[in-house]
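Chemist: This is the structure, below, for whatever I ask next.
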Amino acid sequence: MAKKILVIDDKLELRTLLKSYLTQEGFDVVTANDGQEALYVARHEKPNLIILDLMMPEMGGYEFIRSYNREADTPVVILTAKIDENDKVLGLELGADDYVTKPFSPRELTARVRAVLRRAEKQTTAQEILRMGAIELDWAGHITTVNGQVVELTPSEFTLLGTLMATPGRVFSRLELLDRLQGTAYEGYERTIDVHIRNLRSKIEPDAGNPVYIETIYGAGYRFATQEQG
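Per the numbering used here, the very first residue in the sequence shown carries number 66; after that it's consecutive.
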(Lines of atoms letter the chains of each structure in order from A and count residues from 1; the text may use other names and numbers.)
(Lines give C-alpha, C1' and ligand atoms only; values in the text may rest on other atoms or scores of the structure.)
Protein backbone atom coordinates (compact mmCIF):
# COMPACT_ATOMS: atom_id res chain seq x y z
CA MET A 1 0.00 0.00 0.00
CA ALA A 2 1.30 3.44 -0.95
CA LYS A 3 2.43 5.69 1.87
CA LYS A 4 0.17 8.71 2.35
CA ILE A 5 1.75 12.16 2.37
CA LEU A 6 0.00 15.35 3.48
CA VAL A 7 1.40 18.47 1.78
CA ILE A 8 0.55 21.74 3.53
CA ASP A 9 1.34 24.98 1.70
CA ASP A 10 -0.65 28.13 0.97
CA LYS A 11 0.66 28.35 -2.61
CA LEU A 12 -1.44 26.35 -5.06
CA GLU A 13 1.40 26.09 -7.57
CA LEU A 14 3.71 24.41 -5.07
CA ARG A 15 1.01 22.07 -3.77
CA THR A 16 0.19 21.01 -7.32
CA LEU A 17 3.86 20.49 -8.20
CA LEU A 18 4.61 18.42 -5.12
CA LYS A 19 1.44 16.35 -5.48
CA SER A 20 2.29 15.58 -9.10
CA TYR A 21 5.91 14.70 -8.37
CA LEU A 22 5.27 12.63 -5.25
CA THR A 23 2.42 10.78 -6.95
CA GLN A 24 4.79 9.85 -9.77
CA GLU A 25 7.17 8.54 -7.09
CA GLY A 26 4.47 6.18 -5.83
CA PHE A 27 3.00 8.11 -2.91
CA ASP A 28 -0.66 8.80 -2.16
CA VAL A 29 -0.81 12.58 -1.73
CA VAL A 30 -3.42 14.79 -0.05
CA THR A 31 -3.08 18.55 0.37
CA ALA A 32 -4.16 21.49 2.53
CA ASN A 33 -3.63 25.23 2.10
CA ASP A 34 -3.26 26.24 5.75
CA GLY A 35 -2.92 24.84 9.23
CA GLN A 36 -6.63 24.81 10.04
CA GLU A 37 -7.53 22.83 6.94
CA ALA A 38 -4.52 20.60 7.54
CA LEU A 39 -5.76 19.63 11.01
CA TYR A 40 -9.06 18.49 9.50
CA VAL A 41 -7.35 16.58 6.66
CA ALA A 42 -4.78 14.98 8.95
CA ARG A 43 -7.41 13.75 11.41
CA HIS A 44 -9.42 12.13 8.61
CA GLU A 45 -6.69 10.91 6.26
CA LYS A 46 -4.12 9.71 8.87
CA PRO A 47 -1.04 10.46 6.75
CA ASN A 48 2.24 8.57 7.19
CA LEU A 49 4.22 11.81 6.83
CA ILE A 50 3.53 15.55 6.63
CA ILE A 51 5.35 18.09 4.46
CA LEU A 52 4.74 21.51 5.96
CA ASP A 53 5.45 25.11 4.96
CA LEU A 54 6.20 27.25 8.00
CA MET A 55 4.92 30.58 6.71
CA MET A 56 1.17 30.42 6.03
CA PRO A 57 -1.83 32.64 6.79
CA GLU A 58 -4.46 31.70 9.35
CA MET A 59 -2.78 28.89 11.31
CA GLY A 60 0.90 28.79 10.38
CA GLY A 61 3.33 25.91 10.45
CA TYR A 62 4.50 26.36 14.02
CA GLU A 63 0.95 26.45 15.34
CA PHE A 64 0.02 23.36 13.33
CA ILE A 65 2.93 21.38 14.76
CA ARG A 66 2.04 22.43 18.31
CA SER A 67 -1.58 21.39 17.82
CA TYR A 68 -1.12 18.16 15.89
CA ASN A 69 1.80 16.84 17.94
CA ARG A 70 -0.63 16.52 20.86
CA GLU A 71 -2.67 14.04 18.81
CA ALA A 72 -0.14 12.01 16.79
CA ASP A 73 3.57 11.36 16.34
CA THR A 74 3.42 11.58 12.53
CA PRO A 75 6.83 12.52 11.07
CA VAL A 76 7.04 16.11 9.81
CA VAL A 77 9.35 17.57 7.15
CA ILE A 78 9.46 21.37 7.18
CA LEU A 79 9.65 23.53 4.06
CA THR A 80 10.96 27.02 4.69
CA ALA A 81 12.14 29.96 2.63
CA LYS A 82 13.90 31.28 5.70
CA ILE A 83 17.60 30.66 6.15
CA ASP A 84 17.67 31.87 9.75
CA GLU A 85 18.94 28.96 11.83
CA ASN A 86 16.74 30.06 14.75
CA ASP A 87 13.64 29.30 12.67
CA LYS A 88 14.94 25.85 11.81
CA VAL A 89 15.86 25.16 15.42
CA LEU A 90 12.40 26.24 16.60
CA GLY A 91 10.77 23.84 14.15
CA LEU A 92 12.95 20.98 15.36
CA GLU A 93 12.28 21.86 18.98
CA LEU A 94 8.55 21.64 18.28
CA GLY A 95 8.99 18.10 17.00
CA ALA A 96 9.76 18.32 13.27
CA ASP A 97 12.03 15.57 11.94
CA ASP A 98 13.77 17.33 9.07
CA TYR A 99 13.72 20.56 7.12
CA VAL A 100 14.32 21.58 3.50
CA THR A 101 15.11 25.17 2.56
CA LYS A 102 13.47 26.73 -0.49
CA PRO A 103 14.31 26.69 -3.31
CA PHE A 104 14.78 22.92 -3.36
CA SER A 105 14.70 20.18 -5.94
CA PRO A 106 11.79 17.71 -5.80
CA ARG A 107 14.42 14.97 -5.95
CA GLU A 108 16.08 16.19 -2.75
CA LEU A 109 12.74 16.48 -0.98
CA THR A 110 11.75 12.97 -2.06
CA ALA A 111 15.06 11.59 -0.74
CA ARG A 112 14.43 13.25 2.62
CA VAL A 113 10.86 11.93 2.72
CA ARG A 114 11.98 8.37 1.99
CA ALA A 115 14.69 8.59 4.66
CA VAL A 116 12.24 9.75 7.33
CA LEU A 117 9.73 7.04 6.36
CA ARG A 118 12.44 4.35 6.47
CA ARG A 119 13.32 5.45 9.97
CA ALA A 120 9.70 5.25 11.07
CA GLU A 121 9.34 1.77 9.55
CA LYS A 122 12.44 0.52 11.33
CA GLN A 123 10.98 1.69 14.61
CA THR A 124 7.71 -0.18 14.06
CA THR A 125 9.35 -3.44 12.94
CA ALA A 126 12.04 -3.71 15.62
CA GLN A 127 11.22 -6.11 18.44
CA GLU A 128 13.82 -5.33 21.04
CA ILE A 129 13.06 -3.76 24.41
CA LEU A 130 15.93 -1.75 25.84
CA ARG A 131 16.25 -1.05 29.56
CA MET A 132 18.85 1.21 31.15
CA GLY A 133 18.38 2.65 34.62
CA ALA A 134 14.90 4.13 34.93
CA ILE A 135 14.43 4.19 31.13
CA GLU A 136 12.69 1.51 29.06
CA LEU A 137 12.36 1.74 25.28
CA ASP A 138 10.05 -0.59 23.36
CA TRP A 139 10.93 -0.51 19.65
CA ALA A 140 7.89 -2.49 18.52
CA GLY A 141 5.38 -0.51 20.55
CA HIS A 142 7.18 2.80 19.98
CA ILE A 143 6.83 3.45 23.71
CA THR A 144 9.33 5.02 26.08
CA THR A 145 8.87 5.06 29.83
CA VAL A 146 10.86 6.75 32.57
CA ASN A 147 10.23 5.46 36.09
CA GLY A 148 7.22 3.62 34.70
CA GLN A 149 5.65 6.76 33.24
CA VAL A 150 5.13 7.03 29.47
CA VAL A 151 7.15 9.84 27.88
CA GLU A 152 6.06 11.23 24.51
CA LEU A 153 8.98 11.38 22.08
CA THR A 154 9.07 12.54 18.48
CA PRO A 155 10.23 9.95 15.90
CA SER A 156 13.66 11.58 15.76
CA GLU A 157 14.04 11.63 19.54
CA PHE A 158 12.93 8.00 19.74
CA THR A 159 15.48 6.93 17.11
CA LEU A 160 18.30 8.84 18.79
CA LEU A 161 17.51 7.40 22.21
CA GLY A 162 17.28 3.86 20.83
CA THR A 163 20.55 4.26 18.95
CA LEU A 164 22.40 5.48 22.03
CA MET A 165 20.82 2.96 24.40
CA ALA A 166 21.61 0.02 22.11
CA THR A 167 25.35 0.51 22.63
CA PRO A 168 25.92 2.26 25.96
CA GLY A 169 29.39 3.70 26.33
CA ARG A 170 29.95 4.08 22.59
CA VAL A 171 30.51 7.65 21.44
CA PHE A 172 28.51 8.67 18.36
CA SER A 173 29.55 11.73 16.38
CA ARG A 174 26.88 14.18 15.31
CA LEU A 175 27.29 13.09 11.70
CA GLU A 176 26.81 9.43 12.67
CA LEU A 177 23.61 10.27 14.52
CA LEU A 178 22.41 12.44 11.65
CA ASP A 179 23.00 9.52 9.30
CA ARG A 180 20.81 7.33 11.52
CA LEU A 181 18.03 9.91 11.24
CA GLN A 182 18.21 10.87 7.58
CA GLY A 183 19.97 7.99 5.86
CA THR A 184 22.52 10.51 4.56
CA ALA A 185 24.65 12.86 6.65
CA TYR A 186 24.61 16.38 5.22
CA GLU A 187 27.53 18.59 6.22
CA GLY A 188 26.25 21.66 8.03
CA TYR A 189 23.13 19.93 9.34
CA GLU A 190 24.80 18.09 12.20
CA ARG A 191 24.00 20.86 14.71
CA THR A 192 20.35 19.86 14.46
CA ILE A 193 21.37 16.82 16.51
CA ASP A 194 22.13 19.17 19.41
CA VAL A 195 18.53 20.42 19.29
CA HIS A 196 17.12 16.89 19.37
CA ILE A 197 19.44 15.89 22.21
CA ARG A 198 18.46 18.97 24.23
CA ASN A 199 14.79 18.13 23.78
CA LEU A 200 15.40 14.48 24.63
CA ARG A 201 17.25 15.35 27.82
CA SER A 202 14.39 17.59 28.92
CA LYS A 203 12.09 14.56 28.73
CA ILE A 204 14.19 11.71 30.20
CA GLU A 205 16.78 13.24 32.51
CA PRO A 206 16.11 13.94 36.21
CA ASP A 207 17.94 17.24 35.65
CA ALA A 208 18.41 18.20 32.00
CA GLY A 209 21.14 20.65 32.96
CA ASN A 210 23.17 17.88 34.57
CA PRO A 211 22.45 14.79 32.45
CA VAL A 212 23.21 11.34 33.83
CA TYR A 213 22.04 9.29 30.82
CA ILE A 214 23.06 11.12 27.64
CA GLU A 215 26.57 12.45 28.03
CA THR A 216 28.29 15.05 25.87
CA ILE A 217 31.83 14.07 24.89
CA TYR A 218 33.28 17.41 23.87
CA GLY A 219 34.83 17.42 20.44
CA ALA A 220 33.50 13.93 19.74
CA GLY A 221 29.73 13.64 20.15
CA TYR A 222 27.33 11.88 22.53
CA ARG A 223 27.05 8.58 24.35
CA PHE A 224 24.60 6.83 26.63
CA ALA A 225 26.28 6.34 29.99
CA THR A 226 26.97 2.86 31.25
CA GLN A 227 26.11 2.11 34.86
CA GLU A 228 29.75 2.57 35.80
CA GLN A 229 29.99 5.88 33.92
CA GLY A 230 26.64 7.15 35.23
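Note that the Cβ used here is the ideal one computed from N, Cα and C, for glycine as well.
Taking arginine 245 as the reference, give the member of Asp163, Val277 and Lys268 with the closest Cα.
Modeler: Asp163
Chemist: Please confirm whether leucine 83 and isoleucine 130 have their CB atoms less than 7 Å apart.
Modeler: no
Chemist: I'd like the span of the alpha helix (DSSP H) that includes arginine 196, first residue to last.
Modeler: Note, arginine 196: premise wrong, no alpha helix (DSSP H); beta strand (DSSP E) at 194-197.
Chemist: Helix, strand or coil for leucine 226, going by three-state DSSP, please let me know.
Modeler: DSSP, reduced to helix, strand and coil, places leucine 226 within a helical segment of the structure shown.
Chemist: Assuming contact is defined by CB atoms lying nearer than 7 Å, are isoleucine 269 and valine 215 in contact in what I supplied?
Modeler: no
Chemist: Report buried or exposed for histidine 109, applying the criterion of at least 16 other Cβ atoms within 10 angstroms of its Cβ.
Modeler: Histidine 109 is classed as exposed because its beta carbon has fewer than 16 other beta carbons within 10 Å across all chains shown.
Chemist: Does the Cβ-Cβ distance between threonine 139 and isoleucine 116 come in under 7 Å?
Modeler: no
Chemist: Using a threshold of 7 Å, state whether the C-beta atoms of threonine 88 and valine 94 are closer than that.
Modeler: yes
Chemist: Is the beta carbon of leucine 243 less than 7 Å from the beta carbon of phenylalanine 289?
Modeler: no
Chemist: To the nearest angstrom, report how far apart alanine 199 and leucine 174 are at their CA atoms.
Modeler: 38 Å
Chemist: Valine 142 and arginine 177: beta carbons closer than 7 Å?
Modeler: yes
Chemist: So the candidates are Glu90, Arg184, Asn264 and Gly234; which of them puts its Cα closest to the Cα of leucine 155?
Modeler: Comparing Cα positions, the closest option is Asn264.
Chemist: Quick one: which unbroken alpha helix (DSSP H) runs of 4-plus residues sit fully inside the stretch 94-165? Chain order, please.
Modeler: Qualifying alpha helix (DSSP H) stretches, in chain order: 100-110, 126-133 and 150-158.
Chemist: Here's the rule I'm using: 16 or more other beta-carbon atoms within 10 Å means buried, otherwise exposed. How should aspartate 74 be labelled?
Modeler: buried
Chemist: Measure the C-alpha to C-alpha separation of glutamate 90 and asparagine 113 and round it to an integer number of angstroms.
Modeler: 15 Å
Chemist: Do methionine 124 and glycine 100 have their beta-carbon atoms positioned less than 7 Å apart in this structure?
Modeler: Yes, the pair counts as a contact, with Cβ atoms nearer than the cut-off.
Chemist: Find the nearest neighbour of threonine 257 within the set Met197, Glu222, Phe169 and Ser132, judged by alpha-carbon distance.
Modeler: Glu222
Chemist: Roughly how many angstroms lie between the CA atoms of threonine 166 and glycine 126, to the nearest whole one?
Modeler: Counting only the Cα atoms, glycine 126 lies some 14 Å from threonine 166.
Chemist: Name the residue from Phe169, Ala146 and Val181 whose alpha carbon lies nearest to the alpha carbon of lysine 68.
Modeler: Val181
Chemist: Taking a contact to mean a Cβ-Cβ separation below 7 Å, would you say valine 236 touches isoleucine 282 in this structure?
Modeler: Cβ distance < 7 Å, so valine 236 and isoleucine 282 count as in contact.
Chemist: For phenylalanine 92, count the other beta carbons within 10 Å of its own beta carbon; 16 or more makes it buried, fewer makes it exposed. Which is it?
Modeler: buried
Chemist: Lysine 167 lies in the alpha helix (DSSP H); which residues open and close that run?
Modeler: That residue, lysine 167, is in no alpha helix (DSSP H); it is neither H nor E in DSSP.
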